[in-house]
Amino acid sequence: MGKNVIEVENVSRCFQVPGGEFWALKGISAAVPESSFVILKGRSGSGKTTLMNIIGTLDKPTKGEVKIDGEPVKNLSDYKREELRRKKLGFVFQSVSLIPSLNAFQNVEFSMRMAGIKPGPERDARIEECLKLVGLGNRMTHMPAEMSGGEQQRVAIARALAHRPKLILADEPTAELDSAMAARVAQLFGEMSKKEGITILMTTHDVGLMGAADYLIELENGERIDA
Amino acid sequence: MLGIMLQKMWHKKWMNFSLLLGCILLVATAVCFPLYQDAAYNRMLQDEFNHYVASTGTWPAQIKMTIVSRKDKTGGTISSMEKFMNTIYSDLHVTQKDAVYYYAFSQNGIHSTMNRPDADELNVNLAMKSSLPEHVTMLSGEMYSERGLTDDGEIEVVMSQSGMVKLGLLVGETVVFDALRAPDGSEIKMHITGVFIEDDNADYYWQEADGFFDTVLLMNDNLFREMFTGSNAGKYTITCYYNAMFEYNDIFADDVSYLKDRTEYYSMESSYKSVVSTPAYMDVLQSYENKYSRISATLVILQVPVLIMLAAFLLMISGQMYEMERNEISVIKSRGSSRAQIFRMYLYQALLLNIVGAGVGVPLGMLMSKLLGSTRNFLVFDFSETLNVRFTTTALIYMGGAILLGLMCLTIPAIKHSRVSIVNLKQQKAMRKKPLWEKLFIDVVLIAVAGYGFYNFKHNSDKLTEAVLNGKSLDPLLYLSSSLMIVGAGLLFLRLQPYFLKLIYNIGKRFWKPASFVSFMENVKNGRKQQLIMLFLIMTISLGMYHATVARTIVENAMANTEYLDGADLMVKEVWTEILTREGSPTGEYVEPSTDKYMTAPFSEGYTKVYKDDEGYISASGTNRIKIMLMGIHTKEFGGMTWVDMDLNGDHYYNYLNKLAGTENGILVSANFRDKLGYKVGDTISYSNSLGKSTEGVIVDFVSYFPGYSPVIRKQLSDGTLSVEEGYLVVSNFEYMRKKLGNTPYEIWMNTKDGTTEAEIYNWIKSENIRLTKYVNKSVDLEDAESDPLLQGTNGVLTLGFVVTIILCGVGYLIYWIMSIRERELVFGVLRASGFHKGELFQMLINEQIFCGLLSVLAGFGIGALTSAMFVPILQKAYQSISQVLPMELITNPADIQRLVLVVAGVMLICIAVLTGMILRMNVAKALKLGED
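Protein chains in written order, with the numbering used here: chain Y, 2 to 228; chain B, 10 to 942.
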C-alpha cells in the first residue's frame, strides 16, 4: 500500500442560502490510497458533488484541508490549482462533456496538450491506446454528435486518463447509461486503477456497481456514515 | 399560452432585449428617413423662398389682383372679390399674413372750404386701405377715427407726407368734391385729420411705387365699404387692388403640389382667372420642384442598403433565438401543441416587441433626423443649424412597414421551426451542410453583375452626366452595382476565409497551444454560424468607407472646382465710362477708375489687375476664327493670389508664370493649341480681343489648367442634350496687352483677410459708391457648393446609414458573441475544470475575435477601398455640376478612416471586455451542472 493520493481532513462546506446557512458537508475526513478505485455513495443532496468539487479544486472548503498527492491545496493560487488540475487530475462528468467541435481523437489529444505532453508518435500512440482501452479504437475520427451517449462517455473516460493523471474524478458517469454499459464502465475503472496506477474516485447511487470498487465512502446529509 | 410566452420572454430577457433593440432601431431608422427627407425638403423650400426675398426684396407668398368695378353695373364684382378674399386662405390651406384691400376712386376735382383758390385746381383720389392705422406713423394730426366721420358728418381722411407736399393741403382743412356725390346725392366733404408716413418695417404691407399716394386721401375702410360699395356699388367706378399675403414659413414640402395645382386652377380655370395672374411663388415652387425631383430618388436609393441591413439584423437575431429555442419548440410540439399554437405564441411575442419598439423608435427616429439635419460633411455635424422635424403621414406609412417587416422577421423562422419535432431535430443536429449561397455561387454571380454594371457605366459616363444635368436622378442601377459589389466580395471572402484558417492551422498543427487549438477547431467546425455577423461587419466597414469616400469626393471636388474657376478670393469689375467724341460717338477709350481704394479697403490683402475677355479670338491658318479666353496678368501679383496644383499641369505653377514674365510679348496658351492646332513653343500667334483689336504673341509654354479657365465648356442644349466644346486660352502680360490692345475695363482680383464677411464687402462697395458689372466672392461660391441640397441630403443619408449600421453591427456583434458563449457554457466549464488558465481563456477569446472580427474588418477595408476606386469616379459624375472642369480626384480622408477604425475597435474592445467578464464570472461547477439537466 503506497501513500494516500487524497487526504480529506475535517472538511466542511457552508453555502449561503435564503434564510441562513446550509452546511452541505459537515466535518468529512477521508483518505484514498494510490491506485485504488473508490466509490463515493449517497442519495442526491447528500453532499457527494460538493465533496467531489472540493477534491477537484473547483471549490474551496469552508473549514478543513484537502491534500492531493500529499500537497495541501488550501493556499494554492488559482493558477497553481489550474496547473494541478491539468497535470494530476482527470474529470469525467455525468453528461456529455466532450468539446463538440473536436472529434474523439482530438478530444483525447486535448487533455494531453493541456498537460503539456509533447506532440509526436508517442502521444498519438497513447491516444489510440486509451481509445482502444474504452473500446472505441474504430471510432477515433467521429464527432461527439455522431456517437451515442455511452460512446461519448467512454471518450470522456479515455480523455480523463490519457495524460496519466494521479487521480480521476468521475461524477455520476453512469447516470445516463443503461445498466450493462454502467457495469462495463465500473469494471473499466477497476481495471484501469490497477493497470495504470491511477486512483479513481467515482460517485454513484447505483447499488449494483458497488462491487467493483476497492473502497466505499458513503455520505448522508453531509456526514460520512460508512464504518 | 400568453403566460408561457411572458415567462419564456423573461427567461430569455437578454435575447428579447436584443430583439427589442432591433425593433426599436428598425422603426427609428425607417421613420428617420422620411422625417429627415421631409425636413430637408422643407428647408430646401424655405431656402428657395428666403432666396427669393433676399434677391428681390419682395414678398413671394402673395396673390395680387386688380379689378375695376364700373358705374352702372350691378357692383357684384366687389362683393364677389371680397368673398374670394375671405375664402382664399382656407382654400389654399395657407396661413393668412395680411389681406390688403385698397379701393380708390379715380381722380376728381375738389375745392377747399377755406376758399383757397389754389386748392380748387386739385384732383384727388378718395381711397381706403385696409388696416392702415397699424402700418403708419402720424407726422401731424391724428388718424381717422373708428367711426370715420367728424361730428359734423364730414369724412375723416389722412394723407401721406409726399401728398401733403404735392397737394399743399393742411391738417384741419375740409375739402369737397366738385362733382362726386354721396349715394344720397349730397356733397362729399372730407376733413383732413392728419399726415402719415409709411412705417418702414419688413411686413411688406407697403408695396406701392414711390409717389403712389401723392394725390390720395385715405378714409376709414369700413366707412368706405358702407358708403360706396354693397348696394351703392352700382353708382361708382372704383378700382380695387387686392393682395392676399400668406406666410411662406408655414408652407411645407408636402403642401407644394396642392398649392401649385390650386393656384394654377385660379389663374387658368376658375371664374377669377382673368384677375389672378401667375403669382411670384409659382416660380419659387417650380424651382423647388426641379431640385426636389433631382434629389428625392437619390435619397431613397441611398437608404435602401441600410433598411436591408436592418432586416438582416432582425433575421439574424431571431434566427439565434430560434436556434436556442429549438429544443423547447420541439418539446412543446411533441407534447401535442399544434403548429398554429406555436406560431401564435411567437406572433404575440413579436407583436409585443414591435409595438414597444415603435413606441420608443418613433421619438428616437425624430431625434436621429434632427441629428442628420446638422450634417455638414460625412460624420461632421454642425449643431448651430438644426432641422425642424415634424411627424408626417409618410413617416407613419414607413412605421407601419417597419413593424410589418419586424413581425415577419420574428415569425417566419417560427413557421420553419414549428415543423420540426424532437426527432427531426436530433437528426438535423448531426448534419452539417453548406449554405445555399455557397452552393449556388451567389457571391460570384453578384460580383459578375456588379462588374457588368461597372463596365457599362464606365463606358457611358457622359450619358450619366447628361441625364443628371437634365434633372434626372441618380440611376438606381449604379448605386445598386456598388452595393452588389460589396455584398458579393464580402461573400467571396466568407467562402475563402475557412480555407485560409485551415491553412494557418495546418502550418502549426502539432504545436498550437491548447487555447489556439480549441479556437481553431471551433472556427473550422462552427465558423458558418458566424458568417452572417461577419458579413455584417464587412458590410459596415466597406459601406462606411465607400460612403465616406463618396461624400468627401463629391463635396471636395465640387469645392476644388469652385476654387479653381473663381481664382482669387474676390473678383470685381467696375463700370467704366467710355470717352465720347464731341459728336457723342464712342472712342473705344475709357476713363480708368482709381484703384487705390482696393488697397485701402479694410479687408484687402492686396489686389491685382486682370484683363479677362471671354470673347477674344484667334484666326488660325486654314481655320475659321476660334474663340479664346484672353487674359492679361501681372505675373508676380497674379501668382501670389492664385494657385494651380502641380499635378494638373505637370510643372510648378510659378515656372509657367516666370516664363511668361521673361518674354514681354510672350503668351501662355492652353494645351489644346498644341494638341488640336499643332502649335509649338516659339510659334507666333495673332490674337484679338472682343473689340477686334489684335496683336501677336510668342508661345512660351502650354498649360492644361489656369485659374478661371475651363478646358471643356459644357452646355445644355434646348433639347436637353449636352454639347461639349473645347475651351481655348491665351494669357499675356498685362502691360503688353495694355500697350497693344488699349486700356479696356479690367477686373480687380483681390485677396481678402480671413474671416471677411460678405456684408463687410457689400457695405464697403456701397459706401465707396462703386458700380460693378461683375462680383464674384469665392467664399460665397464655396458655401453654395457645399450647401447644395443634393450634397447635403447625400451626406445626411450616408451619415445616418453609417451610424445605423455601426450601431447594428456593434449590437449584433455583441449579441452574437454573448449567445455564442452562452451556448458554449458547458464547454467553457469543461475547459476550466481541465485546468484552463484565465489567460488562456482570454487568449481563446482574442483568437476568436481575430478570426471572426479582425479578418472581417480587414476584408471590409479592402472591399471598401476596391469599391470606392471602382464606383466613386462614376458616381461623382452623377453629382458633378455642368461647370466641373478639374479632373476628379478620389478623396479618402484619413480622419474618416480613423473614426471608422476607432468606432469598430471600440465595439470589439467592449465585446472582449463583456465576454471576458462573462467567462471569468462563470462558476465552473455551475456551468457543468447546467449541462446536467
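All residues carry an ideal CB built from backbone N, CA and C; glycine is no exception.
If contacts are defined as beta-carbon pairs under 8 Å, then Ala176(Y) and Leu99(Y) qualify, I think. What distance do you get, rounded to the angstrom? Actually they do not touch by this definition, with Cβ atoms about 16 Å apart.
Can you confirm whether Lys4(Y), when its beta carbon is compared against all beta carbons of chain B, has any partner nearer than 8 Å? Taking Cβ atoms only, chain B never reaches closer than 8 Å to Lys4(Y), which makes this a no.
From the beta carbon of Met115(Y), is the nearest beta carbon of chain B less than 8 Å away? So, interface residue.
Is the beta carbon of Arg86(Y) closer than 8 Å to that of Thr51(Y)? Taking 8 Å as the Cβ cut-off, Thr51(Y) and Arg86(Y) do not qualify as a contacting pair.
Once you ignore the five residues that flank Glu565(B) on each side, which residues in its own chain have a CB closer than 6 Å to its CB? Around Glu565(B): Ile900.
Can a CB atom of chain Y be found closer than 8 Å to the CB of Lys21(B)? Taking 8 Å as the CB threshold, Lys21(B) stays off the interface with chain Y.
Does Gly926(B) have its Cβ less than 8 Å from a Cβ in chain Y? No Cβ of chain Y is located within less than 8 Å of the beta carbon of Gly926(B).
First and last residue of the uninterrupted alpha helix (DSSP H) at Gln858(B): For Gln858(B), the enclosing alpha helix (DSSP H) starts and ends at 847-858.
Just to confirm, is the Cβ distance from Ala70(B) to Tyr111(B) under 8 Å? Going by C-beta atoms, Ala70(B) is not nearer than 8 Å to Tyr111(B).
Could you name the residues that DSSP lists as bridge partners for Asn5(Y)? The partner list for Asn5(Y) (beta bridge, DSSP) reads Pro34(Y).
Contacting positions in the stretch 855-866 of chain B - beta carbon closer than 8 Å to chain Y: Within the stretch 855-866 of chain B, no residue has a Cβ that lies closer than 8 Å to any Cβ of chain Y.
Starting from Ser551(B), find everything on chain Y with Cβ-Cβ shorter than 8 Å and list it in chain order. Residues of chain Y passing the Cβ test: none, with the nearest at roughly 29 Å.
Among all the DSSP beta bridges, which residues are the ones paired with Arg591(B)? Checking the DSSP bridge columns, you'll see Arg591(B) has no partner listed.
Cβ of Phe466(B) within 8 Å of Cβ of Leu493(B)? 8 Å or more divides the Cβ of Phe466(B) from the Cβ of Leu493(B).
Within 7 Å of chain B by C-beta, residues of the stretch 104-136 of chain Y in sequence order: Correct list: Gln107, Phe111, Ser112, Arg114, Met115, Pro120.
Can you list, in chain order, the residues of its chain with a C-beta nearer than 6 Å to that of Gln46(B)? Leave out the 5 residues immediately preceding and following it. Once the five neighbours on either side are set aside, the close Cβ partners of Gln46(B) are Leu308.
8 Å Cβ cutoff met for Lys621(B) and His643(B): No; because the gap between Cβ atoms is not below 8 Å, this pair is not in contact.
How many angstroms separate the CA atom of Thr63(Y) from the CA atom of Arg831(B)? For Thr63(Y) and Arg831(B), the distance between alpha carbons rounds to 30 Å.
Please name the residue, chosen from Asp790(B), Glu705(B), Trp446(B), Ala878(B), that lies closest to Glu572(B) on a Cα-to-Cα basis. Out of Asp790(B), Glu705(B), Trp446(B), Ala878(B), Asp790(B) has the C-alpha closest to the C-alpha of Glu572(B).
Within chain Y, the residues that Ile530(B) reaches when beta carbons sit closer than 8 Å: The residue you asked about is not Ile; residue 530(B) is Met in the sequence shown. Identification of chain Y residues near Met530(B) by a Cβ-Cβ cut-off of 8 Å yields Ile100, Ser102, Leu103, Gln107, ordered along the chain.
Quick one: using the 10 Å Cβ neighbour count with 16 as the cut-off for buried, is Ile694(B) buried or exposed? Around the beta carbon of Ile694(B), a 10 Å sphere encloses 16 or more other beta carbons of the protein chains shown; the residue is thus reported as buried.
Any chain B beta carbon closer than 8 Å to Arg87(Y): At least one CB atom of chain B sits nearer than 8 Å to the CB of Arg87(Y).
Would you list the residues sitting across from Lys68(Y) in a DSSP beta bridge? In the DSSP secondary-structure assignment, Lys68(Y) is bridged to Glu8(Y), Pro73(Y).
Min CB distance Arg537(B) to chain Y below 8 Å: Answer no: the Cβ-Cβ gap between Arg537(B) and chain Y never drops below 8 Å.
Own chain partners of Val12(Y) with C-beta closer than 8 Å, once the 5 adjacent residues on each side are dropped: Answer for Val12(Y): Leu26, Gly28, Ile29, Ser30, Leu52, Ile55, Pro62, Lys64, Gly65, Glu66, Val67, listed in chain order.
Candidates Trp24(Y), Phe94(Y), Arg124(Y): which alpha carbon is nearest Gly46(Y)'s? Ranking the options by Cα distance to Gly46(Y), first place goes to Trp24(Y).
Alpha carbon to alpha carbon, how far is Ser266(B) from Arg856(B)? Give it in angstroms, no decimals. Residue 856(B) is actually Asn in this sequence, not Arg. Distance between the alpha carbons of Asn856(B) and Ser266(B): 59 Å.
What are the boundary residues of the beta strand (DSSP E) that Trp758(B) is part of? Segment 756-761, the beta strand (DSSP E) holding Trp758(B).
Determine the extent of the alpha helix (DSSP H) in which Gln95(Y) is found, giving its start and end residues. It is not in any alpha helix (DSSP H) - Gln95(Y) carries neither H nor E in the DSSP assignment.
Under the three-state reduction of DSSP, which class applies to Ile199(Y): helix, strand or coil? Three-state result, Ile199(Y): coil.
As assigned by DSSP and simplified to three states, the class of Tyr216(Y): DSSP, read as helix, strand or coil, puts Tyr216(Y) in strand.
Looking at His102(B) and Val184(B), is the spacing between their C-beta atoms short of 8 Å? Not a contact, by the Cβ cut-off of 8 Å.
Are there 16 or more other CB atoms within 10 angstroms of the CB of His468(B), so buried, or fewer, so exposed? Counting other Cβ atoms within 10 Å of its Cβ, His468(B) stays below 16 and is therefore classed as exposed.
Please state whether the Cβ-Cβ distance between Ala577(B) and Thr651(B) is less than 8 Å. Between Ala577(B) and Thr651(B), the C-beta gap is smaller than 8 Å, which places the two residues in contact.
Rounded Cβ spacing between Asp107(B) and Asp212(B) (contact assumed at less than 8 Å): Confirmed, about 7 Å.
Assuming Val109(B) and Lys138(B) are in contact, meaning their beta carbons sit under 8 Å apart, how far apart are those beta carbons, in whole angstroms? Distance from Val109(B) to Lys138(B) at the Cβ level is roughly 7 Å; contact confirmed, criterion being Cβ atoms closer than 8 Å.
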